[in-house]
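In case it helps, our numbering puts the sequence shown at residues 66 to 472.
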Amino acid sequence: MTPVDRIRLEHFTLRQVLEMEACTRCGECIPWCPTYVAAGDEAITPLAKIGHFRAFWKAQHLGWLARLFGLRKPTEEDVAAFSRGTYACTLCGRCAAVCPVHIRTRDLWIGLREQLVDWRAYPEVFRLLQERLAATHNISGDENAQRLIWAENLEVQPPALSALGQADTVYFVGCVSSFYPTVYSVPQAFAGILAHAGVDFAVLGPEEWCCGFPLVIAGMGREAEALAKHNVEAVERAGARRLVTTCPSCYYTWQHTYPQLLGRPLGFAVLHATELLVDLVHSDLPLKRLEMRITYHDPCDLGRTSGLYDPPREVLRAIPGVDLVEMAETRERALCCGGGGDVEMGDPGLTEKVAAMRLAQALDTGAQTLATACQQCKRTLAAQARKDRVRLRVVDVAELLWQALRP
């Protein structure tokens, strides 16, 4: 392990350093932390994460004052607890939503992970992730040439950029939708809608590489620069006016992280699928009636992180016959699905516990269908519903719209 008495300020903005000092330890965030509630491990709480780091920082910089106040250099046990708690966080951001002093916790937690990467005090699974992405350019480890496997059973194949050369709209599918069969139906539905509506679009196919989001949130953002450069250049070569994705994590990465990584603005617009779908449903698409009671789950990276709460709901309300009912905790205070923050890679059991909590909230609405706008949320919640034998259909908003639209 690298010596832990060297804290690199480059991982933190001045605001973040001040925020860690501004934490009043009021504890308001604790009952809102889904993984703490699920696991009961105090190291996961925002208070513990900030407390550990403040102690490390002061032990390094206060010199004899640190000794006077009983502060000591962190032991390997201290760092292990700090690492455990920091990587057991889904980065859902609920703690920020309730923080009375408005600490921007999500970015702060990523900064803490970057410091842990410097110390080589991170879970082994992230070293393997790093190697897999370098070798195959996707999170599953499959041959990247198989990027279009999700479309193999479609009657009409989505247009590939390699064949067209140019496209007005590029659909960035994402690793989960491309390689995990339980959510193939998401890109299938979205591609079907685009084709039906006459949108000039294409997919990148094997030229699509992982957006790099899993590396960024693991604290390995520098490793994502090559992925960002490749993806942006592929879209720019297409002369695209806009890029659209069904994945909120990909959306956030393209919209916010790529300009920072590359040091320049992108030359095209970035949309989440639901933003485009809102425009399409207001353009007189002929929608069939779907008689169903639906509740909607806000994906963390689409809602709290990106501020997109209304577009998915507008799409659902535009479908005739849909009765949309909200869960008790929604929008800014919506509970996470448990599948974010790379937690599933390191502790799948913890992911399952949080998913079960969210399913219970969905059942309380009396809805028969749980809609979301994220393939990872769908995958996580649907898997838990099957495991717990919960009578609840979990679908993406695009799937419901395609159901109402398809001939």
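Virtual Cβ for every residue (Gly too), placed ideally from N, Cα, C.
Inset, instruction - Can you grab the Cα-Cα spacing for the pair Ile95 / Pro324, in whole Å? - result: Their Cα atoms are separated by approximately 33 Å.
Inset, instruction - Using the Cα positions of Gly150 and Pro279, report the straight-line distance between them to the nearest angstrom. - result: In a straight line, the C-alpha of Gly150 is about 18 Å away from that of Pro279.
Inset, instruction - Report the rounded CA-to-CA distance for Thr318 versus Ile204, giving the unit in angstroms. - result: 15 Å
Inset, instruction - Output the distance between the C-alpha atoms of Val462 and Ala436, rounded to the nearest integer angstrom. - result: Approximately 6 Å between the Cα atoms of the pair.
Legend entry - Per-residue burial, Lys18 [other beta carbons within 10 Å of its own, 16 or more giving buried]: Not covered by the structure: residue 18. The range shown for the chain is 66 to 472.
Inset, instruction - Determine the contact status of Gly39 and Arg192, defining contact as a CB-CB distance below 7 Å. - result: An answer regarding residue 39 cannot be provided, because it is not within the stretch 66 to 472 covered by the chain.
Legend entry - Start and end residues, beta strand (DSSP E) containing Met392: No beta strand (DSSP E) holds Met392; DSSP gives it neither H nor E.
Inset, instruction - Would you check if the distance between the CB atom of Gly270 and the CB atom of Leu308 is smaller than 7 Å? - result: no
Inset, instruction - On the DSSP bridge assignment, give the partners of Ala186 in chain order. - result: Looking at the DSSP assignment, Ala186 forms no beta bridge with any residue, so it has no partner.
Inset, instruction - Determine the DSSP secondary structure at Phe147, reduced to helix, strand or coil. - result: helix
Inset, instruction - Determine the closest residue to Ala187 out of Leu345, Asp407, Asp265 and Tyr101, with distance taken between C-alpha atoms. - result: Contrary to the premise, residue 187 reads as Tyr rather than Ala in this sequence. Put simply, of Leu345, Asp407, Asp265 and Tyr101 the residue whose alpha carbon is nearest the alpha carbon of Tyr187 is Asp407.
Legend entry - Secondary structure, beta strand (DSSP E): runs of 3+ residues fully inside the stretch 220-277: 234-237 and 266-268
Legend entry - Own chain residues within Cβ distance below 7 Å of Arg171, not counting five before or after: Leu156, Gly158, Ala161 and Thr370
Legend entry - C-beta atoms of Gly411 and Thr445 nearer than 7 Å: no
Inset, instruction - Inspect the beta-carbon positions of Gln81 and Gly230 and report whether they are closer than 7 Å. - result: Cβ distance not < 7 Å, so Gln81 and Gly230 don't count as in contact.
Inset, instruction - Identify which residue in Val460, Trp467 and Gln433 has its Cα closest to the Cα of Thr247. - result: Val460
Inset, instruction - Please look up how many angstroms separate the CB atoms of Ala466 and Val380, rounded, as I've assumed it's under 8 Å. - result: Strictly speaking, residue 466 in this sequence is Leu, with Ala absent from that position. With a Cβ gap of about 6 Å, Leu466 and Val380 count as contacting.
Inset, instruction - Output the distance between the C-alpha atoms of Ala289 and Val300, rounded to the nearest integer angstrom. - result: 17 Å
Legend entry - Assigned exposure category for Lys353 - 16 Cβ within 10 Å defines buried: It is exposed - the Cβ of Lys353 has fewer than 16 other Cβ atoms within 10 Å.
Inset, instruction - Figure out for me which residue from Gly405, Ala87 and Phe147 has the closest Cα to the Cα of Ile282. - result: Gly405
Legend entry - Selected residue, minimal CA-CA separation from Gly284, among Ile115, Pro111, Ala293 and Tyr152: The candidate whose alpha carbon is nearest that of Gly284 is Tyr152.
Legend entry - 6 Å Cβ shell around Val190 - same chain, five flanking residues per side excluded: Met410 and Gly411
Inset, instruction - Please state if the CB of Leu424 and the CB of Ala21 are separated by a distance shorter than 7 Å. - result: Residue 21 lies beyond the stretch modelled for the chain, which goes from 66 to 472, so this question has no answer here.
Legend entry - Local Cβ density within 10 Å of Val235, reported as buried at 16 or more and exposed below that: buried
Inset, instruction - Pick out whichever of Ser348, Cys154, Thr395 and Thr78 has its Cα sitting closest to the Cα of Thr430. - result: Thr395
Inset, instruction - Using 10 angstroms around the beta-carbon of Ser314, count the other beta-carbons present and answer buried if the total reaches 16, otherwise exposed. - result: buried
Inset, instruction - Mind checking which residues open and close the alpha helix (DSSP H) that includes Thr339? - result: Ala338 to Val346 is the span of the alpha helix (DSSP H), which, as asked, contains Thr339.
Inset, instruction - Reducing DSSP to helix, strand and coil, say where Gly307 ends up. - result: It is Arg, not Gly, that sits at residue 307 in the sequence shown. DSSP places Arg307 in strand when its eight states are reduced to three.
Legend entry - Start-to-end residues for the beta strand (DSSP E) that takes in Val460: Arg458 to Asp461
Legend entry - Residue from Cys91, Val455 and Met422 whose Cα sits closest to the Cα of Ile168: Minimum Cα distance to Ile168 is reached at Cys91.
Legend entry - Sequence ranges, alpha helix (DSSP H) only - wholly within the stretch 275-299, length at least 4: 278-283
Inset, instruction - Name the one or two DSSP bridge partners that Ala113 has. - result: BP columns for Ala113 are empty, so no partner.
Legend entry - Integer Cβ distance of Asp265 from Ala232, believed to fall under 8 Å: 6 Å
Legend entry - Proximity to Gln320 [Cα-Cα], best of Gly328, Val335 and Ile359: Val335
Inset, instruction - Quick one: residues in its chain with C-beta nearer than 7 Å to the C-beta of Val387, no 5 flanking neighbours on either side, listed in chain order? - result: Leu355, Met357, Ile359 and Leu381
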